[in-house]
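Undergrad:
Residue numbers (the numbering used here), protein chains in the order written: chain A, 536 to 912; chain B, 259 to 553.
1. Whole-angstrom Cβ separation of residue 823 of chain A and residue 682 of chain A, contact assumed at under 8 Å?
2. Can you tell me the Cβ-Cβ gap for residue 281 of chain B and residue 492 of chain B, rounded? I've got them flagged as a contact below 8 Å.
3. Applying a beta-carbon distance threshold of less than 7 Å, which residues of chain A neighbour residue 358 of chain B?
4. Starting from the C-beta of residue 648 of chain A, find all residues in its chain whose C-beta is less than 8 Å away, skip the five residues before and the five after it, and write them out in chain order.
5. List, in order along the chain, the chain B residues whose C-beta lies closer than 7 Å to that of residue 691 of chain A?
6. Contact criterion: CB-CB distance below 8 Å. Does residue 685 of chain A meet it with respect to chain B?
7. Indicate whether residue 601 of chain A and residue 751 of chain A have their beta-carbon atoms separated by less than 8 Å.
8. Note down, in chain order, all residues in the segment 888 to 910 of chain A with a beta-carbon under 7 Å from any beta-carbon belonging to chain B.
9. Measure the Cβ-Cβ separation of residue 814 of chain A and residue 893 of chain A and say whether it is below 8 Å.
10. Could you list which residues in chain A have their beta carbon closer than 9 Å to that of residue 524 of chain B, in chain order?
11. Quick check: is the beta carbon of residue 349 of chain B nearer than 8 Å to any beta carbon in chain A?
12. Give the interface partners of residue 679 of chain A over in chain B, defined as CB-CB distance under 8 Å, in chain order.
13. Please list, in chain order, the residues of the segment 815 to 828 of chain A that have any C-beta partner in chain B closer than 9 Å.
14. Would a check of beta-carbon distances place residue 657 of chain A closer than 8 Å to chain B?
15. Quick check on DSSP: helix, strand or coil for residue 388 of chain B?
16. Any beta carbon from chain B within less than 8 Å of residue 618 of chain A's own beta carbon?
17. Touching or not, the segment 280 to 296 of chain B and the segment 349 to 358 of chain B, by the rule of three or more beta carbon pairs under 8 Å?
18. Buried or exposed, going by whether 16 or more other CB atoms sit within 10 Å of the CB of residue 517 of chain B?
19. Only counting the same chain, and skipping five residues up and downstream in sequence, which positions put a Cβ closer than 7 Å to that of residue 897 of chain A?
20. Using DSSP with H/G/I as helix, E/B as strand and the rest coil, what is residue 808 of chain A?
21. Counting beta carbon pairs with one atom in the segment 805 to 813 of chain A and one in the segment 708 to 717 of chain A, are three or more of them shorter than 8 Å?
22. With distances taken Cα to Cα, identify the nearest neighbour of residue 765 of chain A among A:872, A:858 and A:617.
23. My parser needs the alpha helix (DSSP H) runs of 4 or more residues fully inside the segment 809 to 881 of chain A; what are they?
24. Starting from the beta carbon of residue 869 of chain A, find every residue of chain B whose beta carbon is closer than 7 Å, and list them in chain order.
25. So within the segment 355 to 411 of chain B, which uninterrupted beta strand (DSSP E) runs reach at least 3 residues, ignoring any that extend past its ends?
26. Use the C-beta contact count for residue 880 of chain A: other C-beta atoms within 10 angstroms, 16 or more gives buried, fewer gives exposed.
27. Assuming residue 441 of chain B is part of the alpha helix (DSSP H), what are its boundary residues?
28. Along chain A, in chain order, which residues have C-beta atoms closer than 8 Å to that of residue 293 of chain B?
29. Run through DSSP, which three-state label would residue 299 of chain B get?
30. Quick check: what's the CA-CA separation for residue 720 of chain A versus residue 462 of chain B?
31. Return the chain-ordered list of same chain residues with a C-beta closer than 6 Å to the C-beta of residue 307 of chain B, the five sequence neighbours on each side being excluded.
32. So, with DSSP's three-state summary, where would you put residue 535 of chain B?
33. Go to residue 913 of chain A, then tell me how far its alpha helix (DSSP H) extends in each direction, as first and last residue.
34. By Cβ distance, which residues of its chain are closer than 6 Å to residue 789 of chain A, with the 5 residues on each side in sequence left out?
35. Counting only the same chain and skipping the five closest in sequence on each side, list residues whose C-beta sits under 8 Å from that of residue 594 of chain A.
36. I'd like the list of long-range same chain contacts for residue 589 of chain A, defined as Cβ closer than 7 Å, with 5 residues on each side in sequence excluded.
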């Protein structure tokens with residue numbers, strides 16, 4: 536007797552939400568338009584460096600790195616629901632681990648001369664993850680805003696340590712060179728014959744962002760990701776269903792800190808130099824803003840938010856030309872730097888009140904509007 | 259010994275300012291379950307207002323007006339940015355207050371500029387002997403003011419109708435609502451009280467050295483104080499504030515000799531170390547209500 540083989544699940548054309556198997560629903564690109572649009576977006580991103588000037592490329596490269604950091608914060612805050620104001624601390628740990636590993640041994644700051652990206656990048660992530668695991672016991676004992684305050688304290692302690700430990704950090708106002716992006720003898724921060732320095736860095740960060748984003752996406756659609764969401768939505772219910780709060784909160788902090796560490800390590804390779812005072816509360820708030828403005832609990836939202844927050848300063852720089860009472864130099868009142876900071880605050884408030892799902896939510900609304908156009912539903 | 263007692267006295271003075279700020283945090287937390295991260299901005303606003311008003315009005319009247327205006331400001335912020343968020347996750351509201359803080363501080367900093375603004379207090383850095391220990395007059399004033407403010411607040415919560423309503427809605431908002439308590443008024447009033455307390459605290463912080471753009475960080479030291487005391491305990495906020503003040507002052511006195519490897523100005527971050535240590539032992543602070551989860 537022969538059994539008919541199970542029919543291969545297939546997608547019906549014109550019925551994008553009709554799934555015939557779980558695997559289909561959980562696929563990374565579960566609809567054709569998604570597949571196409573992401574492909575087109577990636578192709579565009581690869582082409583951008585050949586049409587855009589170096590200044591914008593630097594900004595975009597920093598935006599890609601910030602996206603990695605924002606994805607990290609989104610894993611712990613957006614998916615696992617643990618409010619962390621301490622992201623700057625983990626970014627700092629990654630930045631200094633990488634800088635120390637790849638630093639010049641003959642410099643005045645600590646350096647071991649291991650410039651291979653494949654060594655210092657994972658090392659930065661792992662050291663930061665270690666600190667994440669050390670903080671996690673607090674997270675398993677505390678809930679909600681208690682945790683927010685504790686992680687805020689972490690930023691202040693970190694700021695103090697990095698200011699004082701000048702043999703590692705160079706001290707406030709002086710700083711130290713950032714990690715050297717080198718891969719098997721090829722320096723990304725030195726212009727080659729084919730590509731300029733900024734084009735190379737842009738492409739490097741783009742590739743790294745793609746890798747980190749795919750890894751994160753795979754994590755959050757797996758059992759672990761569902762456990763994170765369960766912890767976020769109702770921790771007691773999650774515990775009763777057999778989701779170990781301690782295990783998953785620790786894991787969330789570890790993964791988030793790993794991402795933060797990697798982002799911190801890469802963040803200053805573009806500028807080449809960094810100062811211990813950068814890792815302050817404002818930086819944590821910027822990352823919170825990226826997550827909230829982009830959309831909590833979405834990977835694509837983290838990237839959108841990070842790009843948005845990174846590009847805001849560049850856009851406000853343009854303001855004095857159009858709005859006459861805003862001064863371009865820091866001595867004037869109101870100047871672009873003040874406008875920029877106020878804008879962070881107002882954007883956070885505005886998005887939380889009017890569009891809690893962030894840019895991702897706006898995108899979903901746009902998409903749904905056009906899906907059934909010209910009918911309203 | 260004199261050095262130690264001087265440290266304790268200075269610590270109690272600073273600590274009573276932390277206590278005032280901490281009370282603001284706790285009052286808002288009790289009524290709305292939100293930590294108001296915009297407290298630093300209100301503190302700064304209060305101090306700057308006083309520094310502008312002190313010329314025409316004199317110190318005491320300037321403080322009174324500054325407190326009132328800051329309270330109105332807090333009231334307005336609650337109305338515009340926090341009230342629409344009722345029923346939303348507290349995390350979202352807390353982050354909104356963080357956004358308010360950032361935006362507001364930039365505006366206030368614009369009024370400070372790069373210089374230091376004096377609040378024109380009558381004490382300056384003068385000291386007088388108290389039981390044989392020289393104590394700064396401003397620290398004595400801080401302790402006395404804080405004591406009066408705390409006594410007034412506790413009396414207000416215990417004996418007035420609206421105080422009772424505030425306590426009721428802190429225990430159970432819906433039950434209070436069904437008994438005819440206007441929870442909206444309670445929210446507004448708790449923000450106003452917190453704003454007023456922040457203004458008093460800010461003025462005292464600015465006595466002595468004056469108000470500059472970095473002053474806001476001091477308001478965040480009330481956070482370790484409320485964690486120490488427990489987020490929902492008024493007594494805890496006062497005790498926590500005093501403990502943090504004394505610890506910070508003593509660390510400042512002795513750390514350079516005993517543990518120089520901790521670096522300069524370790525005293526500034528010592529409250530956060532105390533907070534971490536206490537939380538490892540008692541997750542809900544010294545006086546906080548232990549959350550009991552029933553399923």
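C-beta atoms are modelled at their ideal positions from N, C-alpha and C, and glycine is treated no differently.
Fair warning: this is a prediction, and the values are worked out from it, not measured in the lab.
TA: So, from the listed chains and residues:
1. A Cβ-Cβ distance of about 13 Å is found for the pair residue 823 of chain A and residue 682 of chain A, leaving them out of contact under the 8 Å criterion.
2. The pair is a contact, with the Cβ atoms about 6 Å apart (cut-off 8 Å).
3. Neighbours of residue 358 of chain B on chain A, chain order: 880 and 884.
4. Correct list, in chain order: 637, 638, 639 and 640.
5. Simply 527 and 530.
6. Residue 685 of chain A counts as touching chain B.
7. No, the Cβ-Cβ distance between residue 601 of chain A and residue 751 of chain A is not below 8 Å.
8. Listed in sequence order: 888 and 891.
9. Annotated as distal: residue 814 of chain A and residue 893 of chain A, with beta-carbon spacing of 8 Å or more.
10. Contact annotation for residue 524 of chain B against chain A: 695 and 699 [CB-CB distance below 9 Å, chain order].
11. The C-beta of residue 349 of chain B comes closer than 8 Å to at least one C-beta of chain A.
12. Correct list: 348 and 349.
13. Residues of the segment 815 to 828 of chain A with a Cβ closer than 9 Å to any Cβ of chain B, in chain order: 816, 817, 820, 823, 824 and 827.
14. For residue 657 of chain A, the closest Cβ of chain B is not nearer than 8 Å.
15. Residue 388 of chain B: strand per DSSP, three-state reduction.
16. Interface residue, yes.
17. Touching, yes.
18. Counting Cβ neighbours within 10 Å, residue 517 of chain B comes out exposed, since fewer than 16 surround it.
19. 890.
20. Reduced to three states, the DSSP call for residue 808 of chain A is strand.
21. Judged by Cβ distances under 8 Å, the segment 708 to 717 of chain A makes contact with the segment 805 to 813 of chain A, as three or more pairs qualify.
22. Among A:872, A:858 and A:617, the Cα nearest to that of residue 765 of chain A belongs to A:617.
23. 816 to 829, 834 to 852 and 854 to 857, all fully within the segment 809 to 881 of chain A.
24. The answer, in chain order, is 368.
25. Fully enclosed beta strand (DSSP E) runs of 3 or longer: 385 to 388 and 391 to 394.
26. Residue 880 of chain A is buried by the Cβ-count criterion.
27. Run containing residue 441 of chain B: 441 to 464, per the alpha helix (DSSP H) assignment.
28. Under the 8 Å cutoff, chain A gives 680, 683 and 684.
29. Correct three-state label for residue 299 of chain B: helix.
30. So the two alpha carbons sit approximately 59 Å from each other.
31. Hits under 6 Å: 324 and 327.
32. Shown here, residue 535 of chain B sits in a helix according to DSSP, grouped into three states.
33. Residue 913 of chain A is absent from the structure shown; chain A starts at 536 and stops at 912.
34. Cβ within range, chain order: 664, 667 and 668.
35. Once the five neighbours on either side are set aside, the close Cβ partners of residue 594 of chain A are 845, 846 and 849.
36. Around residue 589 of chain A: 731 and 733.
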